[in-house]
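Enquirer: Residue numbers (our numbering): 158 to 337.
Every residue, glycine too, gets a C-beta built ideally from N, C-alpha and C.
Just so it is clear, the structure is predicted and the values come from calculations on it, not from any experiment.
1) Determine whether the beta carbon atoms of residue 277 and residue 301 lie at a separation below 8 Å.
2) Can you find at least 3 beta carbon pairs, one from the stretch 206 to 223 and one from the stretch 243 to 254, that sit closer than 8 Å?
3) According to DSSP, is residue 254 part of a helix, a strand, or is it coil?
4) Please state the DSSP three-state secondary structure of residue 319.
5) Taking all protein chains shown into account, decide if residue 200 is buried (16 or more other Cβ within 10 angstroms of its Cβ) or exposed.
6) Tell me the DSSP secondary structure of residue 194 in three-state form.
7) Taking the C-alpha atoms as reference points, what is the distance between residue 259 and residue 174?
8) Go ahead and pull the three-state DSSP assignment for residue 278.
9) Going by DSSP, what residues sit across from residue 168 in a beta bridge?
10) Indicate whether residue 255 and residue 283 have their beta-carbon atoms separated by less than 8 Å.
11) Are there 16 or more other CB atoms within 10 angstroms of the CB of residue 352, so buried, or fewer, so exposed?
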């Protein structure tokens, strides 16, 4: 295994307990459909990844960090369709994100530089229609205390919640993605 190499690696297996055909990935892959028929276990040997149940980084998202997921479908409540994956690069600097009340960075603005387990408690609002990630990589969760559907946020501007694949503007909590 590549546990001590510097290359981020995720391996998808067609069967539970790392059985059957497998496919090793070390970077972003927009369409995994031709690589394997189904995925029932995953091993992340190094780094962190987001996996998606649709091609082109769309659909439901699942955060995967180094570890073994012998029956990840049962653990995560997802189907056996993994259709794309994105490597999350290591970020060693500051973290900074701005959340906006309205589309196109309009209305009230709130700034974060650290984790926030409950946006309603901190900012007295939970609907954010746009955001700008200036530094770092983040996970936004629909519910407080890092629960529910989550979205990977990398540096850039998100002019409406659909830009981060959100189903609604409701965000309950946000945390920085840091290597542990």
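Expert: Based on what the coordinates show:
1) Yes, the pair counts as a contact, with Cβ atoms nearer than the cut-off.
2) Contact between the stretch 206 to 223 and the stretch 243 to 254 is present, with at least three C-beta pairs closer than 8 Å.
3) If DSSP states are grouped into helix, strand and coil, residue 254 belongs with the strands.
4) Assigned with DSSP and collapsed to three states, residue 319 falls in helix.
5) The residue is buried, with at least 16 neighbouring Cβ atoms inside 10 Å.
6) Assigned with DSSP and collapsed to three states, residue 194 falls in coil, not helix or strand.
7) Straight-line Cα distance between these residues: approximately 46 Å.
8) Shown here, residue 278 sits in a helix according to DSSP, grouped into three states.
9) Answer is 181, 200, bridged to residue 168.
10) No; because the gap between Cβ atoms is not below 8 Å, this pair is not in contact.
11) Nothing about residue 352 can be reported from this structure: the residues present for the chain run from 158 to 337 only.
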